[in-house]
Structures are given as structure tokens and as C-alpha cells.
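Only one structure is covered here, and it is reproduced in the block below.
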Amino acid sequence: MPEQANAAIESHSAYERALESGEAFHWKNAIGSDIKSLDDKKTWNIIDRPKEQKLIGCKWVFAVKRDKNGKLQRYKAQMVVQGCRQTGGVEYTSPYALVASTSSIRVFLSLCVQLGRELYQYDVDTAFLNGHLGEDLYMWPLPGLKTKLSQVCKL
């Protein structure tokens, strides 16, 4: 299996490259599926941009998901917000994200080995959408989302 088979395409032009590739049909379906999940979870409201409101960016990250034998399972497109461009104390009050620490993962894996447990990988679609933001955030519409030029996404 080629080394880049599971690598994510993460460049600024990833959206354009995916839609111009020979796998465009699959990427369009993956994008549509992710947008539907975001809409179903009421992730944002499309509104007219408030004057002088700073907007955060977003981008698409694309990945090919394979099973344990390397067989293609699905094409995955995921919208990610570029929160790294926010100003602490101004646009957010806490940078907390509910993820396991590296040391916790190592302890868990060690216990599994010691106890002879079998591990399975599981991918949770739209996992981070189950939380609630404490503040309003405004985001540029992601590529592929049909909006007017004057509209933004209020998260």
C-alpha cells in the first residue's frame, strides 16, 4: 500500500484539487455528507455579516479511510475551523478541547497489552459537534456552501 494512501490533503487549495481529481465524484459525495451532518446538528446559522465583525476561516480536510487490510472503505471530507487564528481573551475565553492526553492513551494501551485485550478503531462522525460554545463565533462560509457574498456562518 502506498505511504500516502491514508494521508490527508491539507493545503489551501485542497478543495479545488479534490474537485479536479479523478475521484471528484467521491469527494463531492463526502463533502455533501459532511455539510448535511453540519446542517442536521444546527452547527451554524447563515446570517448577514455584522459590521466590523472579525471572521475566522475554515477549510476542508480530505482523507481516504481504509480497513485493516488496506481496502478502501470510504472517502471522508471534514470541515475544520481555523481557530488557531483567534485571539485569546478576545474571541474565546478557554482553549479547552475534550481530547485524551498522550499519557492517558499510553496508559490505556499498556493496560490493553497487559490484559491481553483486543483493540478496535472507531471513527465518530462530527464528534466535536456535540459540545456547546460559550461565545458567538463568526466564520467565513466554507467552500461548497451556498450563501450570498454578504453572508457568514454564526456558530
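Position one of the sequence shown corresponds to residue 1 (full-length UniProt numbering), numbered consecutively onward. For glycine and all other residues, C-beta sits at the position ideal for the given N, C-alpha and C. All of these numbers come straight from a predicted model, not from anything done at the bench.
Q. If we count Cβ pairs, one from each stretch, closer than 8 Å, do we get three or more for the segment 100 to 109 versus the segment 60 to 70?
A. no
Q) How many angstroms separate the CA atom of S11 from the CA atom of R17? A) The predicted model places S11 with a pLDDT of 41, which falls under 50 and marks its position as unreliable; any figure quoted below should be read in that light. Their backbone Cα atoms lie some 9 Å apart in a straight line.
Q | Option in K76, L115 and L145 with minimal Cα separation from D39 | A | L145
Q. In chain order, what residues of the same chain lie with their CB nearer than 7 Å to the CB of D67, ignoring the 5 residues before and after it?
A. Q73
**Q.** Helix, strand or coil at V107 according to DSSP, with G and I counted as helix
**A.** helix
Q. So which of S150, P143 and K148 has the shortest CA-CA distance to I31?
A. Between I31 and the set S150, P143 and K148, the nearest pair of CA atoms involves P143.
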